[in-house]
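Per the numbering used here: the sequence shown = residues 3 to 216. Glycine included, C-beta positions come from ideal geometry on N, C-alpha and C. To start, the structure itself, in structure tokens.
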Amino acid sequence: MDKLYHFACCLMATLALGLVMPPLYAAIIAIVGLGMGKELCDRYVKRTFFSWTDVAADAVGAVVGFLLMALLFASCSVQRHTVGVTDVATRAHHAVLADTTHVSHVLETTDNIHTTIDHHVRLRVTEDFDPATGQLSQRITDMEGQLAADRLELAALRAQRDSLQAARRDTSAIDQTAHTERSSDTRTRTPWFSWFDLVLLAIAVFFAALKIRN
3 MDKLYHFACC LMATLALGLV MPPLYAAIIA IVGLGMGKEL CDRYVKRTFF SWTDVAADAV
63 GAVVGFLLMA LLFASCSVQR HTVGVTDVAT RAHHAVLADT THVSHVLETT DNIHTTIDHH
123 VRLRVTEDFD PATGQLSQRI TDMEGQLAAD RLELAALRAQ RDSLQAARRD TSAIDQTAHT
183 ERSSDTRTRT PWFSWFDLVL LAIAVFFAAL KIRN
């Protein structure tokens, strides 16, 4: 029963201290302060005995408290990151991903038009037969109007491609900014306080006072 009492004291102390400091520091303070400190006080002040089993029970309570607080902070962090500024970046990123196929199509179409203009000459051959003279004449037209239209279409496709690539770069910048803010939010996260936290702290102080008194 005494070991269970030691376990409960360090567990409550770790949970209470974990609200105002990192859980690892809270566990260390609970082990050193309530565990080792109490036993050293018994040994050198009260002139009784130093119990390693009591220290072990204190350590187990502190470790359990540390794991509970770490799990609590991790779950809150996941919930916070699920909703926030990253939602905007995620939606924009998904929108650009949805246009990825379109971008590839534009690039492919652009390359095809470019190849057609540079490596093929579009010609129109018209054959005229004159029955009076019996001569066959050929008229060759290079379709300059169609070539100019192809050039305009190529310019429009290139402009559309550049616009989509710029949107993709902007989305990458938004993702990077969101990641930086999320990392900063994780580093500077501060715990919240409520009446339940104050009750935990009061219980921990009460148990610690009883332990030191005994």
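When the options are compared against residue i, the one with the closest alpha-carbon
{"i": "residue 65", "options": "41, 32, 76", "result": "32"}
{"i": "residue 54", "options": "36, 68, 71", "result": "36"}
{"i": "residue 21", "options": "70, 46, 60", "result": "70"}
{"i": "residue 5", "options": "27, 165, 57", "result": "57"}
{"i": "residue 72", "options": "25, 169, 43", "result": "25"}
{"i": "residue 9", "options": "45, 43, 164, 62", "result": "62"}
Local Cβ density within 10 Å of residue i, reported as buried at 16 or more and exposed below that
{"i": "residue 40", "result": "buried"}
{"i": "residue 23", "result": "exposed"}
{"i": "residue 17", "result": "buried"}
{"i": "residue 19", "result": "buried"}
{"i": "residue 135", "result": "exposed"}
{"i": "residue 60", "result": "buried"}
{"i": "residue 51", "result": "exposed"}
{"i": "residue 42", "result": "exposed"}
{"i": "residue 159", "result": "buried"}
Helix, strand or coil at residue i according to DSSP, with G and I counted as helix
{"i": "residue 15", "result": "helix"}
{"i": "residue 117", "result": "Only weak support exists for where residue 117 lies, its pLDDT of 38 falling under 50; the coordinates are left without a value."}
{"i": "residue 178", "result": "helix"}
Inter-residue CB distance, residue i and residue j (contact presumed, cutoff 8 Å)
{"i": "residue 75", "j": "residue 29", "result": "About 13 Å separates the two Cβ atoms, so there is no contact after all."}
{"i": "residue 38", "j": "residue 205", "result": "Actually they are not in contact, since the Cβ atoms of residue 38 and residue 205 sit about 22 Å apart, beyond 8 Å."}
Endpoints, alpha helix (DSSP H) assigned at residue i
{"i": "residue 26", "result": "25-31"}
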